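Everything on this sheet refers to the single structure shown next.
Protein chains in written order, with my numbering: chain A, -11 to 415; chain B, -11 to 415.
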């Protein structure tokens, strides 16, 4: 029965029950952290071979004859670019490798727009107004980058097919102060949604008012399937080439959630014109990326098949955790009508929407009882969730036993906060 | 006898001799590259232990308990910061580790001045005029960074004690558009000069007109001694603290020429206030530096003693190359008075000043005969050497036999260009 349909006495009963359960949990003095989408230690062990890879090798020349220990090769080793080419669907000679953080490649890219501009336009720092579109809920670190540069963020609602393209098209095609749009097109953070073919085609068919408009296509979870029926994402680059709009997109990916979050390889891809722009900056910025780490990854992964094989190992560890989260939500909240949650086919998050006005309360109750969740509101620009309803669950890091406890507590807190609210409204 | 003091016929004889020798060299069809200050393969082999270091280790927690494979630790592992603290003479908690490129840390730092400003001042992009002081000859990649941001570069002559501080003080203390100064204070690139104690004290005693003035103290060669009588550099940080001027300096170093140029660890240091500024940017920019590579370096180097021990190995390889270069210059050019060169106690370069108006000609003659040198002019802002006299010799990369050939050719070209010029002037 739905909580909202219950009589006051019934709600009071549920509230008291939740309070009791909550107090019992508090006395356990838990210390669990589900705040970030971090792989667990077991997952990291899958890639230990990366560290052994260079051991057996007596020479360090890659296929181009460069000594990978020395300076140079601004765009990275060809074999590693080939792997990212397969991951991103962009030709290998239009891939540029970075170090361990694709976020840094995105930051540097936006910084370049700010200081030097794209497509021959004025740098953003010399333009009066610069706006970025932010599908919400979205990734807090994306929003932190735009906020750092003082770029105005406009939230765009996420539908089941991706961002609401009616609203997005209207803004991009008519407002020349709109310079960018954040996208996590596959297993979106946190909703788990994969953009539909039509959404991808509509992105490719944009006719931006601003010639320096750039889509930040952060394909962070492109090989991160968790079920036998994975989502598929249409190749945006190919669609753009058909439309002649390939200069409007930068593509990103990394091995952060394939090998090691702190010591993987990241990549950027784009049109030949965009790569030429990027080369100008990178040639001044650095002596080249860490090629030994690329070599390690090449020797361990070999090619895209090696990546898929490794991702199977990740799935074996992660799938049960996602099932556990969904089962807990279903069991504890299923019939109360006070929460909705995603059942993603991949990625790193379960998206939980609680009753309006309850998200902050739930996160704070959990914290008081020793379970740290991502801050309520973090999935929105400026940390402001207008409905105060969105919570990001990150099930990957804790061991299953801890995850199970954390989910039990979370569900108690959701019931507690919802019943509190309803009782307050009826007083 | 000095070439300039010779009779025309004597010069003609020397010229003809040089032409003959040059043609003989050309027929050898050499292919040698002395353009960049790259360590040679033998040097890189010294640090192979870095790659073995993680092999034997079954767990990846550093002294803070962080899993070094995962996200986080924005400023890097404490043990590695301690090593850089000893190298730079700045407290370890004021050290921030980067990835493989200290150049990138400098670029990012200047980018931050450009986009956000320092010391609460307006970002440089919003100021009408921004100038940087560039001691010359200097490091071409420094100049490329300032040029990328459209910052006006003002050359400052290098004396035997470092930059001409009379000129530098006048500009820094009176012109509020002067926002920075590039420095390689020990074994300066390319002159090999180490700043005198008085020069360091005068840097610390600057009273900049611009509150957002920042010295870029690139201590790239701080442990790179090549003789039994190494230079010593006064600790600028300590001198600044005495003067209350520590906010005016950013310090940089890396293991690029200790372990691997392409896969080392870099570091930035500064006052607590400057580090707080840097943290704001880095927290938005990246998920943290590559801690596994830091761990490798910690396990291999242990501490500053390990660094010094390793540098002894580099010295054993490099010292004979520097002696070879100096001996060739002395033997082939010693009594002609047409060139001056440095005899550095460390670093990566020998600085060669040929007759005014001859540097481009010498570099181009060498190139035609198969030996690539650093472009003439590269050691000056905008590639413009006003005297066309400075040539940077980078003896580290070629094997001794090749270096010997390259030096022989270089000396022939210096004699050829100088005699050509004198003959032309006397016609």
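No residue lacks a Cβ here, since even glycine has one placed at the ideal position from N, Cα and C. Since the model is a prediction, treat every value here as computed from it, not as a measurement.
Min CB distance residue i to chain A below 8 angstroms
i, result
"residue 338(B)", "no"
"residue 383(B)", "no"
"residue 273(B)", "yes"
"residue 5(B)", "no"
"residue 230(B)", "no"
"residue 278(B)", "yes"
"residue 352(B)", "no"
"residue 363(B)", "no"
"residue 99(B)", "yes"
"residue 298(B)", "no"
"residue 368(B)", "no"
"residue 44(B)", "Residue placement at residue 44(B) cannot be trusted, given a pLDDT of 48 that sits under 50; what the coordinates show is reported in the next sentence. For residue 44(B), the answer is no, since every Cβ of chain A falls outside 8 angstroms of its Cβ."
"residue 27(B)", "yes"
"residue 165(B)", "no"
"residue 23(B)", "no"
"residue 85(B)", "no"
"residue 120(B)", "no"
"residue 57(B)", "yes"
"residue 34(B)", "no"
"residue 9(B)", "no"
"residue 209(B)", "no"
"residue 92(B)", "yes"
Nearest candidate by alpha-carbon position, reference residue i, set the options
i, options, result
"residue 175(B)", "12(B), 72(B), 332(B) and 68(B)", "332(B)"
"residue 82(A)", "383(A), 360(A) and 260(A)", "260(A)"
"residue 19(A)", "365(A), 356(A) and 382(A)", "356(A)"
"residue 240(B)", "258(B), -7(B) and -11(B)", "258(B)"
"residue 38(A)", "107(A), 247(A) and 375(A)", "247(A)"
"residue 159(B)", "404(B), 198(B), 88(B) and 182(B)", "198(B)"
"residue 188(B)", "415(B), 156(B), 245(B) and 179(B)", "156(B)"
"residue 404(B)", "42(B), 288(B), 40(B) and 353(B)", "353(B)"
"residue 373(B)", "123(B), 200(B) and 304(B)", "123(B)"
"residue 13(A)", "409(A), 392(A) and 415(A)", "392(A)"
"residue 389(A)", "310(A), 367(A) and 412(A)", "310(A)"
"residue 164(B)", "146(B), 136(B) and 195(B)", "195(B)"
"residue 271(A)", "8(B), 109(B), 120(B) and 134(B)", "134(B)"
"residue 267(A)", "85(A), 42(A), 169(A) and 295(A)", "85(A)"
"residue 256(A)", "93(A), 337(A), 296(A) and -7(A)", "93(A)"
"residue 286(A)", "56(A), -9(A) and 136(A)", "56(A)"
"residue 251(A)", "283(A), 407(A) and 370(A)", "283(A)"
"residue 219(A)", "229(A), 120(A), 149(A) and 327(A)", "149(A)"
"residue 168(B)", "118(B), 339(B), 147(B) and 412(B)", "118(B)"
Rounded distance between the beta-carbons of residue j and residue i, thought under 8 angstroms
i, j, result
"residue 275(B)", "residue 249(A)", "7 angstroms"
"residue 166(A)", "residue 201(A)", "6 angstroms"
"residue 279(B)", "residue 65(B)", "6 angstroms"
"residue 179(B)", "residue 330(B)", "6 angstroms"
"residue 238(A)", "residue 97(A)", "6 angstroms"
Any chain B beta carbon closer than 8 angstroms to residue i
i, result
"residue 161(A)", "no"
"residue 202(A)", "no"
"residue 127(A)", "no"
"residue 380(A)", "no"
"residue 19(A)", "no"
"residue 434(A)", "Outside the modelled stretch of chain A, which goes from -11 to 415, sits residue 434(A), for which no answer is possible."
"residue 243(A)", "no"
"residue 133(A)", "yes"
"residue 372(A)", "no"
Below-8 angstroms beta-carbon distance, residue i vs any chain E residue
i, result
"residue 358(B)", "Looking for chain E here will not work: the only protein chains present are A and B."
Q.
Taking 8 angstroms as the cut-off, does the region 48 to 66 of chain A touch the region 206 to 213 of chain A (at least 3 CB pairs, one atom from each stretch)?
A. In short, these stretches do not touch, since the Cβ pair count stays below three.
Q.
Please give me, in chain order, every unbroken run of the alpha helix (DSSP H) with length at least 4 that falls completely inside the region 187 to 237 of chain B.
A. Whole alpha helix (DSSP H) segments, 4+ residues: 224 to 231.
Q) Contact between the region 291 to 311 of chain B and the region 137 to 145 of chain B: three or more CB pairs below 8 angstroms? A) Flag = no, the region 291 to 311 of chain B and the region 137 to 145 of chain B do not touch.
Q: Determine, using beta-carbon pairs with one atom in the region 214 to 221 of chain A and one in the region 171 to 188 of chain A, whether at least three such pairs fall under 8 angstroms.
A: Yes, the region 214 to 221 of chain A touches the region 171 to 188 of chain A.
Q) So, do the region 369 to 385 of chain B and the region 19 to 31 of chain B have three or more beta carbon pairs nearer to each other than 8 angstroms? A) They touch, by the three-pair rule.
Q.
Using a Cβ distance threshold of 8 angstroms, determine whether the region 391 to 404 of chain B contacts the region 304 to 317 of chain B, with at least three qualifying pairs required.
A. Yes, the region 391 to 404 of chain B touches the region 304 to 317 of chain B.
**Q.** Validate contact between the region 218 to 225 of chain A and the region 68 to 78 of chain A using beta carbons, cut 8 angstroms, 3 pairs
**A.** Result yes; three or more Cβ-Cβ pairs closer than 8 angstroms.
Q. Enumerated in chain order, which unbroken segments of the beta strand (DSSP E) with a length of 3 residues or greater are wholly contained in the region 109 to 164 of chain B?
A. Taken in chain order, the whole beta strand (DSSP E) runs of length 3 or more contained in the region 109 to 164 of chain B are 119 to 124 and 140 to 147.
Q. Does the pairing of the region 100 to 115 of chain B with the region 96 to 103 of chain A give three or more beta-carbon distances under 8 angstroms?
A. Yes: the two stretches touch, three or more of their Cβ pairs being nearer than 8 angstroms.
Q) Which residue spans inside the region 295 to 336 of chain A form an unbroken beta strand (DSSP E) run of at least 3? A) 327 to 329, all fully within the region 295 to 336 of chain A.
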